[in-house]
Amino acid sequence: MEITEPTPGAPCLVELGTSDVDAAKVYYRQVFGWRAETDPRPEAGGYTMLYLGDAPVAALAPLYMSGQPTAWTVSFATRDADALAAAVTEAGGQQLMGPMDVFDLGRFAVLSDPEGAMFSIWQARSFAGAGVLNAPGSLGWVELATRDAEGAKAFYTRIFGWTVGTHADYPQWGLDGADFGGLTALDEFYPDDVRAHWLPYFAVADVDATAARAAESGGMLLVPPTDVPAGPRVAVIRDPQGGSFGIHRVGTEG
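Going by our numbering, the final residue of the sequence shown carries number 258, and the count climbs one at a time with no gaps.
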């Protein structure tokens with residue numbers, strides 16, 4: 005990710021909605037060394053921030069919608085959550101949870117694109133988002149998997165103003181040419197039950213060692229450590245509760 009601090013239109017945080025917050029705290033500490041701090045206020049509902057040193061890098065939350073699976077959600081920064089949520093609806097997406105304030109921290113909404121890929125938006129107030137990006141143990145890349153690549157390009161460039169790289173096999177999302185993510189087409193090789201989704205990739209110093217740690221801690225390797233042709237070394241992992249995420253060797257994204 006060429007963007008290294010929260011920037012309007014770019015990823016600013018990732019949040020795991022999970023069926024077992026306490027187990028997730030243990031698992032991700034073992035995999036990435038993250039430290040967990042749960043907001044003690046009852047109205048916070050057990051929301052937990054994950055830190056790398058003193059810098060926030062991700063968050064955990066209990067499942068809060070009926071039928072919600074354990075999954076990571078990518079949050080994109082915005083200057084106006086209400087206006088952007090309205091733009092999503094106008095462009096054919098949905099508001100799964102309309103804009104609302106989170107204490108004095110900011111304002112957010114949970115949305116989906118026309119193919120159903122869920123994401124959230126964050127209008128910062130006292131909390132900007134991740135304190136570090138694209139360093140070992142932090143968010144380094146985001147990837148949209150979709151069955152309608154052209155529709156996704158039209159939707160996201162319209163609502164966020166993203167650029168789309170010209171890589172024929174792997175278009176890349178960016179802001180003014182600074183890439184932060186990519187697009188994978190869900191073609192005939194993917195089972196029909198694989199739905200459109202966003203997948204976060206965390207940067208690591210050693211993909212093989214991190215993948216081994218993830219598996220030994222109870223996760224499943226969906227994609228074992230692999231060298232992408234003309235790209236980075238990556239792996240994709242499912243945590244014990246079912247949340248999937250990727251890892252890539254730091255400095256090789258894009």
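Glycine included, C-beta positions come from ideal geometry on N, C-alpha and C.
Buried or exposed: where does residue i fall if 16 or more other Cβ atoms within 10 Å of its Cβ makes it buried?
| i | result |
| --- | --- |
| residue 45 | exposed |
| residue 161 | exposed |
| residue 243 | buried |
| residue 41 | exposed |
| residue 71 | exposed |
| residue 203 | buried |
| residue 146 | buried |
| residue 226 | exposed |
| residue 194 | exposed |
| residue 246 | exposed |
| residue 233 | exposed |
| residue 13 | buried |
| residue 107 | exposed |
List the endpoints of the continuous alpha helix (DSSP H) containing residue i.
| i | result |
| --- | --- |
| residue 1 | The shown model of the chain, from 5 to 258, leaves out residue 1, and the question about it has no answer. |
| residue 28 | 25-36 |
| residue 94 | 85-94 |
| residue 160 | 153-164 |
Below 8 Å between beta carbons: does that hold for residue i and residue j?
| i | j | result |
| --- | --- | --- |
| residue 187 | residue 148 | yes |
| residue 25 | residue 66 | yes |
| residue 53 | residue 60 | yes |
| residue 239 | residue 250 | yes |
| residue 48 | residue 19 | no |
| residue 21 | residue 77 | yes |
| residue 81 | residue 10 | yes |
I believe residue i touches residue j by the beta-carbon criterion, under 8 Å. Please report the beta-carbon distance rounded to the nearest angstrom.
| i | j | result |
| --- | --- | --- |
| residue 171 | residue 205 | Their Cβ separation, rounded to whole angstroms, is 16 Å, which puts residue 171 and residue 205 out of contact at 8 Å. |
| residue 136 | residue 142 | 5 Å |
| residue 17 | residue 133 | 4 Å |
From what residue to what residue does the beta strand (DSSP E) around residue i run?
| i | result |
| --- | --- |
| residue 123 | 122-128 |
| residue 205 | 201-208 |
Inter-stretch contact (C-beta, 8 Å, three-pair minimum) for the region 179-186 and the region 24-42: Cβ pair count under 8 Å is below three, so no.
Given 8 Å, three or more beta-carbon pairs between the region 193-204 and the region 118-137: yes
Validate contact between the region 103-115 and the region 75-87 using beta carbons, cut 8 Å, 3 pairs: Cβ pair count under 8 Å is three or more, so yes.
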